[in-house]
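Taking it in order: structure first as structure tokens, then the write-up.
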Amino acid sequence: MAKMGVIGDKDSVMLYKAVGLDVFYETDGDKANRRLHRLAREGYAVVFVTEQLYAACSDTVKEYANEAYPAIVPIPDSHGSQGAGMQALKENVEKAVGVDILFNN
Amino acid sequence: MAAIQAKPTRMELSNLKKRKAVAVRGHKMMKDKRDELVRQFIMYAKKNKELREEVERKLTQAGKSFVVARASMSAAEIEEALLYPARAASVETSSHTVLSIPVPKLTLETEEGFTYPYGYATTGAELDDAVQQLAEILPQMLELAEVEKTCCRLADEIEKTRRRVNALEYVMIPQFTETIREIQMKLDENDRQSTTRLMKTKDMLAKQREQ
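Take a look at the structure:
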């Protein structure tokens, strides 16, 4: 049994409390980084991060990308999606196949 | 291509031939592995894309409902309503393997039946909407996390495998071939040398006997 967490600004992630996830309010990139590390240590399996903070935490995300847990997943914040998640997928495809075969059409 | 430094002996030659055979077999296997990895990866990547599009659309929708809810209620009321979670959600983690790469498998564990974490007295219908939408997306979000992680690990493994295939194909195997050829030529040359030497000696001996 592992926990799930959400990191983001208050307006975007407050709602997740209602469905039983652990919610952490952060707006600052550095603090979010530290929070991510701490959650990873505490054994969270999935951490959802708002896109805005996801961009600020890219180093930490890369660090955990090749470990089994935690899975760090970008989610759209209250301003809607800016495409950070799709960007990550695109990078993966380019890394694996060499060219982007999913988005070029 | 710089060949490996090796003494031109029959022993070295047969050793090198064995090593080359292993390298060729390894290369073929690595290539097969890479092809299969790429096939699997493309499947997962497509799934990942679809899931992400869907989740992002629904989350944005839920976010919008929440904004409407926030507009119709005071901040304190909302906070009070959401402060205490009605049900604890957690994930059961296990792992399965895709081509012997361990990837996580996540299953949502939550109490059956959906309930709102608050009473209906102070909250509006918009908040109910937002919470319900989010509860419905949650399993999909977990699936997305799982697929995204799988994609990430597959991509990494493909990169590694491709590097190995290339190293074998363009460095190791040509090196072996080159060295084997060199040793073979040296050995042949030695053979010819001893043959000519024998022929000359024979000639000299024949001449001595005539005198």
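Protein sequences appear in the order of chains A and B. This note's numbering applies: residue 207 is where the first sequence begins, and numbers increase by one. This note's numbering applies: residue 23 is where the second sequence begins, and numbers increase by one. Note that beta-carbon positions come from the ideal geometry of N, C-alpha and C, so glycine has one too. Just so you know, these numbers come straight off a predicted model, no measurement behind them.
Chain B contact residues for residue i, given Cβ-Cβ distances below 8 Å
i      : result
A:L308 : A67, K68 and K71
A:A277 : P126, L128, A167, E168, E170 and K171
When the options are compared against residue i, the one with the closest alpha-carbon
i      : options                           : result
B:V169 : B:S117, B:S216 and B:I205         : B:S117
A:A277 : A:E300, A:T266 and A:D283         : A:T266
B:S94  : B:T217, B:T183 and B:E148         : B:E148
A:I213 : A:K237, A:E300, A:F254 and A:M207 : A:F254
B:K38  : B:I180, B:Q83 and B:P196          : The identity of residue 38 of chain B in the sequence shown is Leu, whereas the question assumes Lys. Checking every option, the nearest Cα to that of B:L38 belongs to B:P196.
A:V229 : A:M207, A:D236 and A:S218         : A:S218
A:C263 : A:A251, A:N239 and A:H243         : A:N239
B:L190 : B:M33, B:P30, B:A43 and B:R32     : B:A43
A:Q258 : A:I307, A:N298, A:D234 and A:E300 : A:D234
A:Y275 : A:G291, A:L221 and A:V252         : A:V252
A:L245 : A:M210, A:D306 and A:G291         : A:M210
B:A111 : B:T129, B:A152 and B:E76          : B:T129
A:K203 : A:E300, A:Y260 and A:M292         : Outside the modelled stretch of chain A, which goes from 207 to 311, sits residue 203 of chain A, for which no answer is possible.
B:H49  : B:K222, B:M221, B:T183 and B:M207 : B:T183
B:D178 : A:R247, A:T256 and A:K268         : A:K268
B:N188 : B:A28, B:M52 and B:R41            : B:M52
Residues near residue i by beta carbon distance below 8 Å, same chain, minus five either side
i      : result
B:K127 : T115, S116, S117, H118 and E168
A:N311 : Residue placement at A:N311 is poorly supported in this model, since its pLDDT is 48, which falls under 50; the coordinates still yield a value, given next. Within the same chain, A:N311 has no close Cβ partners at all.
Any chain D beta carbon closer than 8 Å to residue i
i     : result
B:D57 : Of the protein chains in this structure, namely A and B, none is chain D.
C-beta atoms of residue i and residue j nearer than 8 Å
i      : j      : result
B:A45  : B:M194 : yes
B:E165 : B:L81  : no
A:A198 : A:P280 : What the structure shows of chain A is the stretch from 207 to 311, and residue 198 of chain A is not part of that stretch, so it cannot be assessed.
A:G249 : A:A208 : yes
B:F88  : A:L221 : yes
B:L104 : A:K223 : yes
B:E131 : B:V153 : no
B:E78  : A:S287 : yes
B:T199 : B:A28  : no
Chain-ordered neighbours of residue i on chain B, where CB pairs are closer than 7 Å
i      : result
A:S287 : E78 and T82
A:I281 : L81
A:E303 : Reading off the sequence shown, one finds Val at residue 303 of chain A, where the question assumed Glu. V60, listed in chain order.
A:V255 : In chain order: nothing, as chain B lies at least about 11 Å away.
Same chain, Cβ closer than 6 Å to residue i, neighbours up to 5 away in sequence not counted
i      : result
A:K216 : Y231
B:L35  : I205
A:V305 : none
B:Y140 : A103
A:V299 : D306 and L308
Within chain A, partners of residue i - CB distance below 7 Å
i     : result
B:R74 : G291, M292 and L295
Residues near residue i in its chain [Cβ-Cβ closer than 7 Å; skip 5 each side]
i      : result
B:I180 : R56, L59, V60 and F63
B:T172 : Y66, V120 and V125
B:P30  : I205, K208 and L209
Interface residues of chain A facing residue i [CB-CB closer than 9 Å]
i      : result
B:D112 : The displayed chain sequence assigns Ser, not Asp, to residue 112 of chain B. Under the 9 Å cutoff, chain A gives M207, A208, K209, M210, G226 and A251.
Proximal residues, the segment 235-251 of chain A versus chain B, C-beta separation under 7 Å: Cβ contacts with chain B: A251.
Interface residues of the segment 217-236 of chain A facing chain B [CB-CB below 8 Å]: Those residues of the segment 217-236 of chain A that come within reach of chain B (Cβ to Cβ, closer than 8 Å) are D217, S218, M220, L221, Y222, K223, A224, V225, G226 and L227.
Near-chain A residues of the segment 171-191 of chain B (beta-carbon distance less than 9 Å), N- to C-terminal order: Those residues of the segment 171-191 of chain B that come within reach of chain A (Cβ to Cβ, closer than 9 Å) are K171, C173, C174, R175, L176, A177, D178, E179, I180, E181 and R184.
Contact residues within the segment 144-163 of chain B, judged by C-beta distance below 8 Å to chain A: Near chain A, meaning a CB-to-CB distance below 8 Å, the residues of the segment 144-163 of chain B are A152, V153, L156, A157, L160 and M163.
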